[in-house]
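Encoded as structure tokens, the structure appears first; notes follow it.
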Amino acid sequence: MPKQLLFEINANKTNIGQIVLYVEALYDDENLVQHSPDERNGEKAMFLELELIPLKGGRSRRNLNMCRPGQNSTQKCCLYDLVIDFEKIGWGFVIAPKRYNAYICSGECSGFAVGANSATMTRQHAANAAKIDHYQCCHPKEYTGIMNSEVLAREVPNMVAKECGCA
């Protein structure tokens, strides 16, 4: 059970203006949240609930072991775990697997270290010549399917990221 921290936000004497919290919970384009600024205590009073998660260490550091084992660890664009749970996303019609690791590509793509083909190099040189910020995007380069021979009649192609690259 997470600890709850209840607090009231008050503007101090040096503040000009006020802090406003506006919440929407839309159903059929109707906001179900009641905003009642006059009632500070009672059933209609709005409150903000935060879950505080302690950070590991005082400073955020870059993860140098971000690539999967067996991959070139000097690349910045790498595969990470992304577990898809069909029941959690409301896809109860999927019989098996109930969950699988689809993986996700994430990381920086800078210079020519990754995806240094002639088209990439041409775009980069053109961007440098025009003094335009040109960024590459880390994305899957190759996919593989998933298969559970006991339930599925066929392989579902391109469901799992297999390799990352920049473009």
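Following the UniProt record's numbering, the numbering of the sequence shown begins with 1 at its first residue and continues without gaps.
Note that the Cβ used here is the ideal one computed from N, Cα and C, for glycine as well.
Report all residues from its chain with a CB closer than 6 Å to the CB of residue i; omit the five preceding and five following residues, and keep chain order.
i     : result
Lys76 : Gly107 and Glu108
Trp91 : none
When you compare each of the options to residue i by their alpha carbons, which one comes out closest?
i      : options                        : result
Cys138 : Met159, Thr144 and Cys164      : Cys164
Cys166 : Ile84, Asn158 and Pro140       : Pro140
Tyr80  : Ala102, Ile89 and Phe93        : Ala102
Tyr100 : Asp29, Gly145, Asp28 and Glu30 : Gly145
Thr78  : Cys105, Ala161 and Ile95       : First, the residue type needs correcting, since residue 78 is Cys and not Thr in the sequence shown. Checked all of Cys105, Ala161 and Ile95; the closest Cα to Cys78 is Cys105.
Ser110 : Gln136, Asp28 and Glu30        : Gln136
Determine the burial state of residue i: buried for a count of at least 16 other Cβ atoms within 10 Å of its Cβ, exposed for fewer.
i      : result
Val83  : exposed
Ala161 : buried
Excluding the five sequence neighbours on either side, which residues of its own chain have a C-beta within less than 8 Å of the C-beta of residue i, listed in chain order?
i      : result
Asp85  : Lys98 and Arg99
Tyr143 : Pro157, Asn158, Met159, Val160, Ala161 and Lys162
Closer than 7 Å by C-beta to residue i: which residues in its own chain qualify, once you throw out the five before and the five after it? Chain order, please.
i     : result
Glu87 : Lys98
Asp28 : none
Ile89 : none
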